[in-house]
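Participant: Top to bottom, those sequences are chains Z and L. Position one of the first sequence corresponds to residue 1157 (this note's numbering), numbered consecutively onward. Position one of the second sequence corresponds to residue 22 (this note's numbering), numbered consecutively onward. Provided herewith is a single structure, encoded as structure tokens, for subsequent inquiry.
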Amino acid sequence: MEQRKSPVRGSAAGQLSFPNSDSRSAPHNPQRPARFHLSGPPYLLSSFSGFSPAPVQPASLLPCFFSSLEGISPKTISNIGGLHQMLSLHQHIFAAVPRDSIIALPEHDSTNKYGASFQTPGGRLLIKPAEYVELVSSMKPDFWVTLADEVPAWVSDKRNRTSVDRTLRWLDDCLSLNKTGTTIFGSIVGGSSIEERHRCAQEVAQRNVSGYWIGGFGLGESMDERAALLTAVTDNLPEDMPRHVSGLGLPEEVLQGVAAGIDLFDSTYVYHLTLGGFALTFPLERNKGDNADYQLSDSGGDDMKINLKATIYRKDTSPIVESCNCFTCQNHTKAYLNHLFNVHEMLAQTLLEIHNTHQYLGFFCSIRKAIEEGKFEQFRRNFVESRRECLFAAASSD
Amino acid sequence: MALKFEVLGRFNRARAAQLTLPHYLCQTPLFMPVGTQGTIKGLTKNQLEEIGCQIILGNTYHLALRPTSELIDELGGLHKFMNWPRALLTDSGGFQMVSLLHLADITEKGVTFQSPVDGKPMLLTPEESIQIQNRIGADIIMALDDVVRTTITGPRIEEAMYRTLRWIDRCIAAHKRPNEQNLFGIVQGGLDPVLRDICVRGLVERNLPGYAIGGLAGGEDKDSFWRVVAQCTAALPEDKPRYVMGVGYPLDIVVCSALGADMYDCVYPTRTARFGTALVPEGVLKLKHQAMANDIRPIDPMCECMVCKNYTRAYIHCLVTKDAMGSQLLSYHNLYYMMKLSRDLHSSIVEGRFPEFVCKFLQTMFPKGDVPEWVCNAMEVAGIDISSCCHEMKV
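Here it is, written out as structure tokens:
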């Protein structure tokens, strides 16, 4: 088992370690363990993690790049000592990624040859590679991703090709501007064109980077076409380097990514679930034929999640998930959370996010375990099929 | 009676005591944060324990509306519902009604108002208020009083005071759980010492577990405010807790404690947090100010709370208008400040250094010696020599 340690701060051996893939059960599906990145802007994560009474296991955080700049200058962040100091999260790993699907949305129409454009609450921002590198250096993340021109699936071929050319050029710019020798992940785009994905991946694989960030997903492509696009990229990347994807959040999407050889994920899945009052409830040990008690039509949920705002929970004195040992499930009931949501108290979000994050991290733990035991494909199959069964049962029970 | 009140130390009128309630053993003087709807905005119960909160206040009006007192009762009471292991206090609901609702009207029967849910005419009687509070299950419950603002003058004040006395008997009669919940009476009477005196006597006759001084903290001038507190604390029994409702600013709490009060509640620390203001020994710090954007010091370098140990002013500044976490962090710090103030008041009295504590407090808050006159007057009555902090007196 080969261990590769990336030079990350404060990590014990094995923080980013990648055992060899075990026997390949299917072509293009090396089994790799996935670590987990939490999603979204520092707001989101800060809202619980700066703060959560029972800290979630150390995991990586991806601050929203631009939103963290509103109201605080790079110089001040630098004076404070970087992100770890500012957020007082010393055990965590930070990665700086330009895209954040809540606060900084890539505006491919406005991106031009000078820089990438983002729509933020403070207006539209154009960021050039030099500015980007400067911002990143003030944050002192453990690793960072080069500036990319991300485009959605429906752009023209020409626009797509341009995005690849630009991304490669900016990658080279970022590399040459990287004076302090920090850890860089090269960005790979290519939209929904297999050829462009190949091209971009091959080019980036030739650069001197420590890992790969695969962008342009979660922006309009379907799950079906994505599988081929992912492998078009990962087939061209060296085995022993980490691969990180943004924008794949649904458990099925994560499983798809893992099957294609992705190691690190970030998305806004937990954030959006929490906003809507949804609590993750899927059992982490998924066995075929496990007939959970599905409360579907009344609860507005399914076997994966429940909506705590639903009136059936008004008097429910059980925790969100019985066996869960997160702070929220250990201390509070669905009835209390239901009340907090109904009266729009901010504690509702805090408590729910603690649970959802815990649950989601647990999912990744299960994935890693399945891979270690050589049972990933089975795990994936079971998971997807139980989900389908449940939806089928719901549809036919009406 | 479901409490024990034992005075552990004194300085003239000020006292430090141990207040034993069904759910918690408290030390007074103490400040109670307001957790209106069964939660203190955004803080978890662990954090509240960390901060040192002893009693939390819940608003009967809000809880009766959502999730309803019947539901709370069915699920085992508010302590269990919130999972708060320490003490709780509920108010009567009367004040909220009068201040939050249009067309609320007070008659002998009770408070009539329009239901905010469907506009139907409703009536909150003393009996109903107590029943709701019995269902909620707090350690201390408040009598329904006829509260008028001290800025009003005329016969209404006298009417309200006598009605409060009539209603206390109805509250006592309606109270089904005197062995688990302590019913406090509330002294009314506006700014009129004669009326206040009648009210105090009337309530003391009923031999209640504790007494509150109500109708203040509503815009009256400070000089009148402290005099009412002084009069009431002098007349209320020594061996029962005295609660000044709606107070307040740290300075007010120090003065009232010097005059012999024990318990306080106010939305100020948490509300001001949501507007970006932090409480510090010198007064307040406005985190929204541009000057904070590059200030990498903590809110208060001397403060030991989690917020001051981990975060800078600059970071909180950038959160404060945009993110819930900004107000959560400030609420945490502000409540920590209030709890520390409570602890310091208690321990300085017990350890026989109360006047020194008061002087240091005033010197820090008024470094130029410009202590307000009302404070000087109050301290004189309290028998505390603050000449070292007052500019006028120095000369």
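Every residue, glycine too, gets a C-beta built ideally from N, C-alpha and C.
Please list, in chain order, the chain Z residues whose beta carbon lies closer than 8 Å to that of Lys62(L).
Facilitator: As a position in the second sequence, residue 62(L) is number 41, starting the count at 1. Near Lys62(L) (Cβ distances below 8 Å), the residues of chain Z are Glu1501, Met1502, Leu1503.
Participant: Determine the chain L residues that contact Tyr1492(Z) at a beta-carbon separation under 8 Å, and present them in chain order.
Facilitator: Sequence index remark: in the first sequence, residue 1492(Z) carries index 336 (1-based). Per Cβ cutoff of 8 Å: Gly59, Phe102, Met103, Asn104.
Participant: Tell me the residue span of the alpha helix (DSSP H) that contains Ile1350(Z).
Facilitator: As a working note, residue 1350(Z) is residue 194 in the first sequence. Note, Ile1350(Z): alpha helix (DSSP H), 1350 to 1361.
Participant: Taking Gly79(L) as part of the beta strand (DSSP E), name the residues at either end of that continuous run.
Facilitator: In the second sequence, the residue the question calls residue 79(L) occupies position 58. That run of the beta strand (DSSP E) goes 76 to 79.
Participant: Applying a beta-carbon distance threshold of less than 7 Å, which residues of chain L neighbour Lys1471(Z)?
Facilitator: As a position in the first sequence, residue 1471(Z) is number 315, starting the count at 1. Correct list: Leu92, Glu95, Leu96.
Participant: Tell me which residue opens and which closes the beta strand (DSSP E) that Gly1339(Z) is part of.
Facilitator: As a position in the first sequence, residue 1339(Z) is number 183, starting the count at 1. In the sequence on display, residue 1339(Z) carries Thr and not Gly. Residues 1339 to 1344.
Participant: Give me the Cα-Cα distance between Pro1197(Z) and Leu1243(Z), rounded to the nearest whole angstrom.
Facilitator: Within the first sequence, numbered from 1, the residue matching residue 1197(Z) stands at position 41. Within the first sequence, numbered from 1, the residue matching residue 1243(Z) stands at position 87. For Pro1197(Z), the pLDDT reaches just 29, beneath the cut-off of 50, and the residue's location in the model is therefore unreliable, although a value from the coordinates is still provided. Their backbone Cα atoms lie some 12 Å apart in a straight line.
Participant: What residues from the stretch 1233 to 1259 of chain Z come within 7 Å of chain L, judged by C-beta to C-beta, listed N to C?
Facilitator: So the close ones are Asn1235, Ile1236, Met1242, Ser1244.
Participant: Please classify Val215(L): is it buried, with 16 or more other beta-carbons within 10 angstroms of its beta-carbon, or exposed?
Facilitator: For the purposes of this step, residue 215(L) is identified with residue 194 of the second sequence, where counting begins at 1. Result: exposed.
Participant: Hey, would you say Ser1343(Z) sits closer than 7 Å to Trp1369(Z), going by beta carbons?
Facilitator: Along the first sequence, one-based indexing puts residue 1343(Z) at 187. Along the first sequence, one-based indexing puts residue 1369(Z) at 213. Against a cut-off of 7 Å, the Cβ pair of Trp1369(Z) and Ser1343(Z) comes out as a contact.
Participant: Does any residue of chain Z bring its CB to less than 7 Å from the CB of Thr111(L)?
Facilitator: Reading the second sequence from its first residue, position 90 is the one you call residue 111(L). It does not; no Cβ of chain Z falls within 7 Å.
Participant: Can you tell me which of Ala1304(Z), Leu1303(Z), Ser1332(Z), Gly1346(Z) puts its alpha carbon nearest to the alpha carbon of Ser1312(Z)?
Facilitator: Counting from one through the first sequence, the residue named residue 1312(Z) turns up at place 156. Checking every option, the nearest Cα to that of Ser1312(Z) belongs to Gly1346(Z).
Participant: Identify every run of the beta strand (DSSP E) within the stretch 1235 to 1320 of chain Z, keeping only runs that are complete inside it and at least 3 residues long; order them along the chain.
Facilitator: The stretch 1235 to 1320 of chain Z contains these whole beta strand (DSSP E) runs: 1249 to 1252, 1272 to 1276, 1279 to 1283, 1299 to 1301.
Participant: Consider the Cβ of Pro199(L): report whether some Cβ of chain Z lies at a distance smaller than 7 Å.
Facilitator: Along the second sequence, read from residue 1 onward, the residue named residue 199(L) stands at position 178. False, the Cβ-Cβ gap to chain Z never drops below 7 Å.
Participant: Check the Cβ-Cβ distances between Ile1527(Z) and every residue of chain L, and say whether any is below 7 Å.
Facilitator: Start at 1 with the first residue of the first sequence, and residue 1527(Z) comes out as number 371. So, not an interface residue.
Participant: On a Cα-Cα basis, can you pick out the residue from Tyr1288(Z), Thr1430(Z), Asp1298(Z), Pro1308(Z) that is closest to Lys1465(Z)?
Facilitator: In the first sequence, counting from the first residue as 1, residue 1465(Z) sits at position 309. Among Tyr1288(Z), Thr1430(Z), Asp1298(Z), Pro1308(Z), the Cα nearest to that of Lys1465(Z) is on Thr1430(Z).
Participant: For Thr293(L) and chain Z, any beta-carbon pair shorter than 7 Å?
Facilitator: Walking along the second sequence from the start, residue 293(L) turns up at place 272. Cβ-Cβ to chain Z under 7 Å: no for Thr293(L).
Participant: Determine, for Ile1228(Z), whether the minimum Cβ-Cβ distance to residues of chain L falls below 7 Å.
Facilitator: Numbered from 1 along the first sequence, position 72 holds the residue referred to as residue 1228(Z). Yes, contact with chain L.
Participant: What do you reckon, are the CB atoms on Ile369(L) and Phe375(L) nearer than 7 Å?
Facilitator: In the second sequence, the residue the question calls residue 369(L) occupies position 348. In the second sequence, the residue the question calls residue 375(L) occupies position 354. The sequence given here places Ser at residue 369(L); Ile does not occur at that position. Cβ atoms of Ser369(L) and Phe375(L): closer than 7 Å.
Participant: Find the nearest neighbour of Glu70(L) within the set Ala345(L), Glu377(L), Met327(L), judged by alpha-carbon distance.
Facilitator: For the purposes of this step, residue 70(L) is taken as the residue at position 49 of the second sequence. Comparing Cα positions, the closest option is Met327(L).
Participant: Is Pro147(L) helix, strand or coil by DSSP?
Facilitator: Position 126 of the second sequence, counted from the first residue, corresponds to residue 147(L). Residue state, collapsed to three classes: helix.
Participant: Can you pull the chain L neighbours of Asn1498(Z), defined as C-beta to C-beta under 8 Å?
Facilitator: Translated into positions along the first sequence, residue 1498(Z) becomes position 342. Within 8 Å Cβ-Cβ: Arg87, Pro88.
Participant: Name the DSSP bridge partner or partners of Tyr232(L)?
Facilitator: Taking the first residue of the second sequence as 1, we reach residue 232(L) at position 211. Gly206(L), Arg263(L), per the DSSP bridge assignment.
Participant: Identify which residue in Tyr285(L), Ile320(L), Ser409(L) has its Cα closest to the Cα of Leu5(L).
Facilitator: Absent from the model: residue 5(L). The displayed extent of chain L is 22 to 416, so no value can be given.
Participant: Going along the chain, which residues of its own chain have a beta-carbon closer than 6 Å to the beta-carbon of Phe1535(Z), five neighbours each way excluded?
Facilitator: The residue given as residue 1535(Z) occupies position 379 in the first sequence. Excluding sequence neighbours, Phe1535(Z) sits near Ala1526.
Participant: Kindly indicate which residue of Val1389(Z), Arg1470(Z), Phe1434(Z), His1488(Z) has the alpha-carbon position closest to the one of Gly1413(Z).
Facilitator: Counting from one through the first sequence, the residue named residue 1413(Z) turns up at place 257. When each option's Cα is compared against that of Gly1413(Z), the closest is Val1389(Z).
Participant: Quick one: does Met414(L) have its CB under 7 Å from some CB of chain Z?
Facilitator: Along the second sequence, read from residue 1 onward, the residue named residue 414(L) stands at position 393. Residue placement at Met414(L) is flagged as unreliable, the pLDDT there being 49, under the threshold of 50; a coordinate-derived value is accordingly withheld.
Participant: How about Leu1243(Z): is its Cβ closer than 6 Å to a heavy atom in the ligand COA?
Facilitator: The ligand content of the structure shown is nil, which means the ligand COA is not present either.
Participant: Does any CB atom of chain L fall closer than 7 Å to the CB of Asn1487(Z)?
Facilitator: The residue you call residue 1487(Z) lines up with position 331 of the first sequence. Chain L, which has a Cβ nearer than 7 Å to the Cβ of Asn1487(Z), makes this yes.
Participant: If contacts are defined as beta-carbon pairs under 8 Å, then Val402(L) and Ala251(L) qualify, I think. What distance do you get, rounded to the angstrom?
Facilitator: Taking the first residue of the second sequence as 1, we reach residue 402(L) at position 381. Taking the first residue of the second sequence as 1, we reach residue 251(L) at position 230. Rounded, the Cβ-Cβ distance is 5 Å, consistent with contact.
Participant: Check the Cβ-Cβ distances between His1495(Z) and every residue of chain L, and say whether any is below 7 Å.
Facilitator: Reading the first sequence from its first residue, position 339 is the one you call residue 1495(Z). So, interface residue.
Participant: Taking beta-carbon pairs under 7 Å, can you tell me which members of the stretch 321 to 336 of chain L lie near chain Z?
Facilitator: Here the close residues are Asn331, Tyr332, Thr333, Ala335, Tyr336.
Participant: Any beta carbon of chain Z sitting closer than 7 Å to that of Asn315(L)?
Facilitator: Indexing the second sequence from 1 puts residue 315(L) at position 294. Judged by the 7 Å Cβ criterion, Asn315(L) is in contact with chain Z.
Participant: What residues of chain L sit near Thr1302(Z), judged by a beta carbon separation below 7 Å?
Facilitator: Position 146 of the first sequence holds residue 1302(Z). Here the premise fails: no neighbours, minimum Cβ distance about 26 Å.
Participant: For Phe52(L), write down the residues that DSSP places opposite it in a beta bridge.
Facilitator: Taking the first residue of the second sequence as 1, we reach residue 52(L) at position 31. Its beta-bridge partners are Tyr285(L).
Participant: Just by C-beta distance, which residues in the stretch 276 to 301 of chain L are closer than 7 Å to chain Z?
Facilitator: Per Cβ criterion, the list is empty.
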